[in-house]
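Engineer: The numbers in the numbering used here rise by one with no breaks, and the one at position 65 of the sequence shown is 68. Where a beta carbon is used, it is the ideal one built from N, C-alpha and C, also for glycine.
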Amino acid sequence: MAIFEEVYPRWKILVAEEQSKEDHVYESGEGAYLRRFSPAWVYTRIVHKGLYVLGRLKHHEREHDLLSELLNQNLFHSARRGAWYQRKALLEEHYMYTLLPPPGVRDTSQQKRHWKRISLKTCEQGLQDRYCHTIYHYDLQKRIRKLEKNLRIPKREKHDFDHALLSKPLEITLQAIQIKKQYLTPTTLRRRAPAPQTAWKSVNAAPKPSG
4 MAIFEEVYPR WKILVAEEQS KEDHVYESGE GAYLRRFSPA WVYTRIVHKG
54 LYVLGRLKHH EREHDLLSEL LNQNLFHSAR RGAWYQRKAL LEEHYMYTLL
104 PPPGVRDTSQ QKRHWKRISL KTCEQGLQDR YCHTIYHYDL QKRIRKLEKN
154 LRIPKREKHD FDHALLSKPL EITLQAIQIK KQYLTPTTLR RRAPAPQTAW
204 KSVNAAPKPS G
């Protein structure tokens, strides 16, 4: 964590500088290439690694703040945005109601509902984020379904992901007889010998033509 604490203030400055370049200097998209060689790219990776440590130490409030900062920028490590959305939604669903309860609400169930709605919004933002890779959509959609069920949202207001369901794969079953080579050598020699090759004989194999 010492490295993270040292890098974090500098990382925020560098991200702001790169955003200024993206807005006023770069004109033909060269920024996406040049940023790969900037210190902020390496610092962003260090900050990302710090998320794991914060999670293990159960510093969930700071982890949530850091995830929000990472998602507020879209210049560095955009391929990780899906994982950031997933983790942020999980924290909001299970932990944040005890760390940051809504003001004026003392009922635990209402505190949970408040943060579950925020978690639902986070998942929606992840699906709408063009930098969030498609491979993360299924997990976000699954969490949305669960949250909508827990929040008892009316069916007419629920999300419909039927168009995104994966088709059922084709199932193929193979049956065969396993053939193993029988050794007549002593056990000690058999242990030193290379592992035998296993052959499979098809049960429904067609007979070879004679002649």
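Nearest to CYS126 by CA position, among LYS115, TYR98 and ARG84, is which residue?
Structural biologist: Minimum Cα distance to CYS126 is reached at ARG84.
Engineer: Judging by CA-CA distance, which residue of HIS51, GLU64, LEU78 and HIS117 is the nearest neighbour of SER41?
Structural biologist: Considering only alpha carbons, the answer is LEU78.
Engineer: According to DSSP, is ASP163 helix, strand or coil?
Structural biologist: Three-state result, ASP163: coil.
Engineer: With DSSP as the reference, label LYS171 as helix, strand or coil.
Structural biologist: Residue state, collapsed to three classes: coil.
Engineer: Could you tell me the distance, in whole angstroms, from the CA atom of LEU73 to the CA atom of LEU60?
Structural biologist: Roughly 19 Å between the two C-alpha positions.
Engineer: Starting from SER31, trace the alpha helix (DSSP H) both ways and give me its first and last residue.
Structural biologist: Segment: none, SER31 is in no alpha helix (DSSP H) and carries neither H nor E.
Engineer: On the three-state DSSP scale, how would you describe LYS61?
Structural biologist: Three-state DSSP puts LYS61 in coil, outside helix and strand.
Engineer: Please state whether DSSP places ASP110 in a helix, a strand or coil.
Structural biologist: Note: ASP110 maps to coil in three-state DSSP.
Engineer: May I have the straight-line CA-CA distance separating LEU168 from SER23, to the nearest angstrom?
Structural biologist: Those two C-alpha atoms are separated by around 40 Å.
Engineer: With distances taken from CA atoms, which of ARG39, GLU9, VAL10 and ASP110 is nearest GLU21?
Structural biologist: The residue with the shortest Cα to Cα distance from GLU21 is ARG39.
Engineer: If we ignore side chains and look at the alpha-carbon of each, how far apart do VAL45 and PHE164 end up?
Structural biologist: Computed Cα separation, rounded: 37 Å.
Engineer: Could you compute how far the alpha carbon of VAL10 sits from the alpha carbon of TYR141?
Structural biologist: VAL10 and TYR141: Cα-Cα distance of roughly 34 Å.
Engineer: Have a look at ALA19, GLU8, ALA86 and ASP26 and flag the residue whose alpha-carbon is nearest the alpha-carbon of TYR134.
Structural biologist: The option with the nearest alpha carbon to TYR134 is ALA86.
Engineer: I'd like the list of long-range same chain contacts for VAL50, defined as Cβ closer than 6 Å, with 5 residues on each side in sequence excluded.
Structural biologist: For VAL50, where only same-chain residues beyond five positions count, the Cβ hits under 6 Å are TRP14.
Engineer: If distances are taken between C-alpha atoms only, which option among LYS145, TYR36 and GLN113 comes closest to HIS80?
Structural biologist: Among LYS145, TYR36 and GLN113, the Cα nearest to that of HIS80 is on TYR36.
Engineer: For ASP142, report the span of its alpha helix (DSSP H) as first-last.
Structural biologist: ASP142 -> alpha helix (DSSP H) spans 140-153.
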